[in-house]
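In my numbering, the protein residues as written are 13 to 143. Idealized CB from N, CA, C, for every residue including glycine. These numbers come from a predicted model, not from an experiment. To start, the structure under review is shown below, and the notes come after it.
Right, here's the structure in full:
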């Protein structure tokens, strides 16, 4: 009799445990359109192009001169709209191979001016942010 109660208790415990495992929460997923995936990839590529220019020695020196760290540039590039990031990447593509130093410095100054206009930095006192 004691053995029967014990066996019944074990079987009941296993059945309850098994039933708990059968209850699976419903998965929720949404369709991700091709446009969203392509846009994310394009944005990552554009940012990589701009950051490649920032990796240039002259560009790093210019950023350091203005007190802007590379991590700050990366964070601020994340805040740019797709159109603004596209413009910067296009400027980076237009840099001639031999004039990379001058072009990199000009691109950095352009980025700093754009960031000043957006109110993200206050490097140039003559530039007031757009409200």
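56 is the residue among 27, 56, 102 whose C-alpha sits nearest the C-alpha of residue 86. Shown here, residue 50 sits in a helix according to DSSP, grouped into three states. When C-alpha distances from residue 75 are compared across 41, 46, 118, 15, the shortest belongs to 118. Relative to the Cα of residue 132, the nearest Cα in the group 103, 30, 89, 104 belongs to 89. Closest in alpha carbon position to residue 51, among 125, 137, 139, 98, is 98.
In the three-state reduction of the DSSP assignment, residue 16 falls in the helix class, which pools H, G and I.
Look at residue 29 here: in three-state DSSP terms it is helix. A direct Cα-Cα distance of roughly 20 Å separates residue 104 from residue 129.
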